[in-house]
Amino acid sequence: MSDRTWTIESICEALGNPMLSKKFLGEINRAPAHELLTVFAKWQGIAAGMSAAGERGRSLAEVEAATGEVPGEWVDVTERIQAEAAAARSRGAA
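Every letter in the sequence shown is one number past the one before it in the numbering used here, and letter 52, counting from 1, is 52.
What follows is the structure in structure tokens.
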């Protein structure tokens, strides 16, 4: 994951969303003693993933600001999404 030292506080900060933090705190507070490490590890993984995604997004934004383009290979799926939306609408979905 990362070399970061994870604590309950740092997990809450990395989650970046008060509702997620509340859910994490609720789970960690209600976990029986023998499940604390499992619950902590689960949320540490979630927080690390969100933190890494944030770092990646900031890195891409810097490159885009400097070059005017987002790096990487991009696949245009607009037509597929529009077809799926049309199919959903025809079935009566919102």
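Ideal Cβ positions, reconstructed from N, Cα and C, are used throughout, including at glycine.
The C-beta distance from Ile28 to Val39 rounds to 5 Å, short enough to fall under 8 Å. For Pro18, the enclosing alpha helix (DSSP H) stretches over residues Pro18 to Arg30. Pairing Trp74 with Gln44 gives a Cβ-Cβ distance that is not under 7 Å. Taking the Cα positions, Val63 is about 43 Å away from Arg30. Per DSSP, reduced to three states, the secondary structure at Gly72 is coil, with no helix or strand assignment. Boundaries of the alpha helix (DSSP H) around Thr78: Thr78 to Ser90.
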